[in-house]
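Visitor: First to last, the sequence lines map onto chains A and B. Quick note on numbering: the numbering used here labels position 473 of the first sequence as 1692, and the sequence is numbered without any gaps. Quick note on numbering: the numbering used here labels position 15 of the second sequence as 25, and the sequence is numbered without any gaps. Mind having a look at this structure? Questions to follow.
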Amino acid sequence: MSIWMIIIVVAYLCVIGYLGFRGFKTTKSATDYMLGGRSVHPYVMAMSYGATFISTSAIVGFGGAAGVFGMGLLWLTVMNIFVGIFIAFWVFGGRTRKMGLRLDAHTFPELLGRRFQSRFIQGASAVIIFLFIPLYASAVLTGAAKYISSQFSVDYNVALFVFSVIIALYVVMGGIKGVMYTDALQGTIMLFGMTALLIITYVKMGGVTAAHQSLTDMAALVPEKLQAGGHQGWTSMPKFGAPSWWVLVSTIIMGVGIGVLAQPQLAVRYMTVKSGKELNRAIPIGGVFIMMVTGVAYVVGALSNVHFQQTLGKVSIVAAKGDVEAIIPMYLQSAMPEWFSVLFMLTLISAAMSTLSSQFHVMGTSLGRDLAEESMGRKNKGGGVLATRGAVFVGILISVYLSYIIELKFGKTGTSIVARGTAIFFGLCACAFLPMYVGALWSRGITKAGAIAGMLSGSFFSLFWMVFIQEKASSALLLCNKLFGTRSLAIHMVDGKEVFSSIGPIVWAYVDPLMIGLPLAVGVTVLVSLFTKKTAPDHLNRCMGTK
Amino acid sequence: MLGIEDPGVVLAYFLCIFCTLICLIWGAVKWNVDDES
């Protein structure tokens, strides 16, 4: 590690410290701590939203997945820009901000609870968030600690501890202002790092068309196992209905592309700005950020195959010895100039810190605000910030302990459980919250009972599907194997051979929980609402801003 | 086109750019548009 790297990292941490301190100095109330006083600058809001959404797993994990599946992952970038930014800010953002203001809601569970006049909804939403977000946070934390440990040649546990303490300091003290100011800086670094990565890659490979053509010409080199799964080359989509197609379309593109709409740590961002004007201004900033960060990761991940073929005579996944997450770091190490490794190190650390800080913050507000204060009826004036600060600290301890114990006790098995953390949380949030959230914003007909029924059925069904049906999740979570001796209930042994249950092109073991759980939760929400007590019209008028 | 074999992937490549342009145009057009338990 060079002296320059140390100087740059120290300077970076000093700026982070200053921004966290600035957040602390300007945080006077619960509204400041949870919503930045509802007056956050649109650039800060857009970059914070983007940097929170895009973690190291999106760059390294999904970039590596593009090294395996190819440029078909660009459909996820399309979804991320169109659904995750344009639809999210324009369609969801405006209504969420206005309803949050009318109901004086400070958190996502509080917004839903007040809209449906139900403490159960607020409490249950907070429980779902508090129970499952540590798994998502551990996925990011473990990845970051491993990266820092290898980059700085320090012990994994030391990296985990130091990294967590730095984030804890500015989240606990600075609240959402500390989180969003640092996010904006980290998002800007990510934007520069990824732009440089794209330019250098295309220049090295002789330009845009030449680079893509080289990748197209490698179609015959797809490993046999991937070909059997429907892989047709790195500039083609997999065969319709094949295992690769289901993983790419149902889990990666739809699961993450739609799941983003119901992420509590992202939805709360809409409530941090002063007016609809700020949301409109955030759309172009967020759109450019997502295209440059995710689009570049997926294009470069796919093009890494060209580099490894030219230098090692192997495709990426073979060069990385089967480790998908090693593809991007290996590519950077062997293809990029030395100065770039420092910039990219900051890019990855920024991506991890920005996502983790928001996860810790939303964990704290769920426990402190939604559970301790509101749902249990122990509301006290002025105590909100202190309770939430304490809860943020508890959330950080749980995530760090999970990252520590999983690595220590379960080794590689633990790592595969944690690696599913992001997908599990996205899928669960979409099934549990999205029908109720859409109903809250647009429908006068969705009742309190309908919202509760939809949330519970969506949560239970998506968890059931993850634990017992979806092969990637169920084999990582181990419970199905323990209870039934098979890694998925949708896989049967016939004459000593594995047979996957299917209907037409639908192979159940490859279908993401969101594809089944979300329609089911929507159906239950609507059906129960048809037969249960309607919400009082005057409350609906107040929520919707109608007379 | 662009050295990419599958029209579906070419479409995704252009849609990324197109969606970003929509966001930029939206921001330019709407820059100043504003909307007591």
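Glycine included, every Cβ here is placed at the ideal spot set by N, Cα and C.
Given that Q1432 (chain A) touches chain B, what residues does it touch there, using C-beta distances under 8 Å?
Guide: In the first sequence, counting from the first residue as 1, residue 1432 (chain A) sits at position 213. Correct list: G13.
Visitor: When burial is assigned at 16 or more other CB atoms within 10 Å of the CB, is G1640 (chain A) buried or exposed?
Guide: In the first sequence, residue 1640 (chain A) corresponds to position 421, counting from 1. With 16 or more other Cβ atoms within 10 Å, it is buried.
Visitor: Rounded to a whole number of angstroms, what is the C-alpha to C-alpha distance between V1391 (chain A) and I1348 (chain A)?
Guide: Numbered from its first residue, the first sequence carries residue 1391 (chain A) at position 172. Numbered from its first residue, the first sequence carries residue 1348 (chain A) at position 129. Each residue's Cα considered, the two are about 18 Å apart.
Visitor: DSSP on K1600 (chain A), reduced to helix/strand/coil?
Guide: Looking up residue 1600 (chain A) in the first sequence gives position 381. Residue confidence for K1600 (chain A) is low, a pLDDT of 42 falling below 50, so the modelled location carries little weight; the figure read from the coordinates is stated next. Three-state DSSP puts K1600 (chain A) in coil, outside helix and strand.
Visitor: Just the Cα atoms here: how many angstroms apart are R1761 (chain A) and L1330 (chain A)?
Guide: As a working mapping, residue 1761 (chain A) is identified with position 542 in the first sequence. As a working mapping, residue 1330 (chain A) is identified with position 111 in the first sequence. Cα-Cα distance, rounded: 13 Å.
Visitor: Inspect the beta-carbon positions of M1738 (chain A) and G1646 (chain A) and report whether they are closer than 7 Å.
Guide: Mapped onto the first sequence, residue 1738 (chain A) falls at position 519. Mapped onto the first sequence, residue 1646 (chain A) falls at position 427. It should be noted that the sequence gives Pro, not Met, for residue 1738 (chain A). Result no, Cβ atoms of P1738 (chain A) and G1646 (chain A) do not sit closer than 7 Å.
Visitor: For I1546 (chain A) and A1755 (chain A), what's the separation of their Cα atoms in angstroms?
Guide: As a working note, residue 1546 (chain A) is residue 327 in the first sequence. As a working note, residue 1755 (chain A) is residue 536 in the first sequence. Looking at the two C-alpha atoms, the distance is approximately 56 Å.
Visitor: Please check the pair M1674 (chain A) and F1652 (chain A), which I expect to be a contact at CB under 8 Å, by giving their CB distance rounded to whole angstroms.
Guide: Start at 1 with the first residue of the first sequence, and residue 1674 (chain A) comes out as number 455. Start at 1 with the first residue of the first sequence, and residue 1652 (chain A) comes out as number 433. Right, their Cβ atoms sit about 7 Å apart.
Visitor: How would you label S1357 (chain A), buried or exposed, when you count the other beta carbons within 10 angstroms and need 16 or more for buried?
Guide: Numbered from 1 along the first sequence, position 138 holds the residue referred to as residue 1357 (chain A). When all chains shown are included, S1357 (chain A) counts as buried.
Visitor: Quick one: which chain B residues come within Cβ less than 7 Å of S1455 (chain A)?
Guide: Position 236 of the first sequence, counting from 1, holds the residue named residue 1455 (chain A). Those are E15, D16, V19, listed as they occur along chain B.
Visitor: Please tell me whether M1510 (chain A) has its Cβ less than 7 Å away from any Cβ of chain B.
Guide: Counting from 1 along the first sequence, the entry for residue 1510 (chain A) is found at position 291. So, interface residue.
Visitor: Counting C-beta neighbours from all protein chains within 10 Å, is the total for G1669 (chain A) 16 or more, i.e. buried, or is it exposed?
Guide: One-based indexing of the first sequence puts residue 1669 (chain A) at position 450. So G1669 (chain A) ends up on the buried side.
Visitor: Within 8 Å, do at least three Cβ pairs link the segment 1330 to 1341 of chain A to the segment 1568 to 1584 of chain A?
Guide: No, they do not touch.
Visitor: So with Cβ pairs under 7 Å, would you call G1771 (chain A) a contact of chain B?
Guide: Past the edges of chain A, shown from 1220 to 1766, lies residue 1771 (chain A), and the structure says nothing about it.
Visitor: With 7 Å set as the bound, which would you pick, yes or no: does the beta-carbon of I1186 (chain A) sit closer than that to a beta-carbon of chain B?
Guide: The shown model of chain A, from 1220 to 1766, leaves out residue 1186 (chain A), and the question about it has no answer.
Visitor: In this structure, what does DSSP give as the bridge partners for S1721 (chain A)?
Guide: The sequence position of residue 1721 (chain A) within the first sequence is 502, counting from 1. In DSSP, S1721 (chain A) forms a bridge with A:V1726.
Visitor: Closest to D1374 (chain A) by CA distance: which of A:H1711, A:Y1623, A:L1759, A:W1661 is it?
Guide: Numbered from its first residue, the first sequence carries residue 1374 (chain A) at position 155. Minimum Cα distance to D1374 (chain A) is reached at A:Y1623.
Visitor: Leaving out five residues on either side along the sequence, give the residues of the same chain with a beta carbon under 8 Å from the beta carbon of V1302 (chain A).
Guide: If you number the first sequence from 1, residue 1302 (chain A) lands on position 83. For V1302 (chain A), where only same-chain residues beyond five positions count, the Cβ hits under 8 Å are G1476, I1477, V1479, L1480.
Visitor: Helix, strand or coil: how does DSSP classify K1533 (chain A) here?
Guide: Stepping through the first sequence from its first residue, residue 1533 (chain A) is reached at position 314. Note: K1533 (chain A) maps to coil in three-state DSSP.
Visitor: Please confirm whether V1384 (chain A) has its beta-carbon closer than 7 Å to some beta-carbon of chain B.
Guide: Counting from 1 along the first sequence, the entry for residue 1384 (chain A) is found at position 165. It does not; no Cβ of chain B falls within 7 Å.
Visitor: Would you mind sorting H1260 (chain A) into buried or exposed? The rule is 16 or more other CB atoms within 10 Å of its CB.
Guide: As a working mapping, residue 1260 (chain A) is identified with position 41 in the first sequence. Buried: at least 16 other Cβ atoms inside 10 Å.
Visitor: Report the CB separation of T1574 (chain A) from S1274 (chain A) in whole angstroms; it is logged as a contact under 8 Å.
Guide: Numbered from 1 along the first sequence, position 355 holds the residue referred to as residue 1574 (chain A). Numbered from 1 along the first sequence, position 55 holds the residue referred to as residue 1274 (chain A). Yes, T1574 (chain A) and S1274 (chain A) are in contact; Cβ-Cβ is about 4 Å, under 8 Å.
Visitor: Between the C-alpha atoms of L34 (chain B) and V1713 (chain A), what's the straight-line distance to the nearest angstrom?
Guide: Locating residue 34 (chain B) in the second sequence gives position 24, where the first residue counts as 1. Locating residue 1713 (chain A) in the first sequence gives position 494, where the first residue counts as 1. So the two alpha carbons sit approximately 56 Å from each other.
Visitor: Closer than 8 Å between beta carbons: that is the criterion. Which residues of the segment 1296 to 1318 of chain A meet it against chain B?
Guide: Hits within the stretch, in order: T1296, V1297, I1300, F1301, I1304, F1305, W1309, G1313, K1317.
Visitor: Can you give the Cα-Cα distance for V1359 (chain A) and F1703 (chain A), rounded to whole angstroms?
Guide: On the first sequence, residue 1359 (chain A) is found 140 positions in, with the first residue counted as 1. On the first sequence, residue 1703 (chain A) is found 484 positions in, with the first residue counted as 1. C-alpha separation (whole angstroms): 31 Å.
Visitor: If the cut-off is 8 Å on Cβ atoms, which residues from the segment 1423 to 1452 of chain A count as contacting chain B, listed in chain order?
Guide: Listed in sequence order: V1427, T1428, A1429, A1430, H1431, Q1432, S1433, L1434, T1435, A1438, Q1451, G1452.
Visitor: Closer than 7 Å, CB to CB, is N1499 (chain A) near chain B or not?
Guide: On the first sequence, position 280 is the one that residue 1499 (chain A) refers to. True, the Cβ-Cβ gap to chain B drops below 7 Å.
Visitor: If you follow the beta strand (DSSP E) that M1712 (chain A) is part of, which residue opens it and which one closes it?
Guide: On the first sequence, position 493 is the one that residue 1712 (chain A) refers to. From DSSP, the beta strand (DSSP E) with M1712 (chain A) extends over 1710 to 1713.
Visitor: With a cut-off of 7 Å, does the C-beta of W1464 (chain A) fall near any C-beta of chain B?
Guide: For the purposes of this step, residue 1464 (chain A) is taken as the residue at position 245 of the first sequence. Taking Cβ atoms only, chain B never reaches closer than 7 Å to W1464 (chain A), which makes this a no.
Visitor: Along the chain, where does the alpha helix (DSSP H) that runs through L1697 (chain A) open and close?
Guide: To locate residue 1697 (chain A), count along the first sequence from 1; it is residue 478. Note, L1697 (chain A): premise wrong, no alpha helix (DSSP H); not H, not E.
Visitor: Just to confirm, is the Cβ distance from G13 (chain B) to T1666 (chain A) under 7 Å?
Guide: Taking the second sequence and counting its residues from 1, one reaches residue 13 (chain B) at position 3. Taking the first sequence and counting its residues from 1, one reaches residue 1666 (chain A) at position 447. The answer is no: Cβ separation not under 7 Å.
Visitor: In chain B, which residues lie with their C-beta within 7 Å of the C-beta of G1777 (chain A)?
Guide: With chain A covering only 1220 through 1766, there is no way to say anything about residue 1777 (chain A).
Visitor: Assess, as a yes-or-no matter, whether the segment 1237 to 1247 of chain A is touched by the segment 1268 to 1282 of chain A under the definition of 3 or more beta carbon pairs within less than 8 Å.
Guide: Verdict: no, contact absent.
Visitor: Between G1342 (chain A) and chain B, is any beta-carbon pair separated by less than 7 Å?
Guide: Taking the first sequence and counting its residues from 1, the one referred to as residue 1342 (chain A) is at position 123. No - not a single Cβ of chain B is within 7 Å of the one on G1342 (chain A).
Visitor: Within 8 Å, do at least three Cβ pairs link the segment 12 to 28 of chain B to the segment 1692 to 1707 of chain A?
Guide: They do not touch, by the three-pair rule.
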